[in-house]
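Residue numbers (my numbering): 365 to 466. Since the structure comes first, as structure tokens, the remarks are kept for the end.
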């Protein structure tokens, strides 16, 4: 509602580029908007609402369905059950006089 009512109709602000910033509760206190802009605080949607809208084919605005917790940046997550064991590779012959690990 905030996306459609306030941003596009009341403030007539395009929801592209750097004119709109999305902050999360984990970001701490929101800084004052630069240049006397506006700050709109909205609670996250309930998960049931997100599912109901998705089943109806409704697309929600960007970041409105951003739920936490999130993995840390550069964190790799493996699904061990989905991994297949690789067959052992035969050892490559070494040139005469070359030691292992060299």
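Ideal Cβ positions, reconstructed from N, Cα and C, are used throughout, including at glycine. Nothing here was measured: the structure is a model prediction, and the numbers come from that model.
For residue i, the three-state DSSP class (helix, strand or coil)
| i | result |
| --- | --- |
| residue 399 | helix |
| residue 420 | coil |
| residue 415 | helix |
| residue 374 | helix |
| residue 369 | helix |
CB of residue i within 8 angstroms of CB of residue j, strictly
| i | j | result |
| --- | --- | --- |
| residue 370 | residue 404 | yes |
| residue 428 | residue 409 | yes |
Nearest residue (CA-CA) to residue i, options the options
| i | options | result |
| --- | --- | --- |
| residue 425 | 414, 419, 434 and 435 | 414 |
Residue i: CB within 7 angstroms of a non-hydrogen atom of the ligand FMN
| i | result |
| --- | --- |
| residue 417 | The ligand content of the structure shown is nil, which means the ligand FMN is not present either. |
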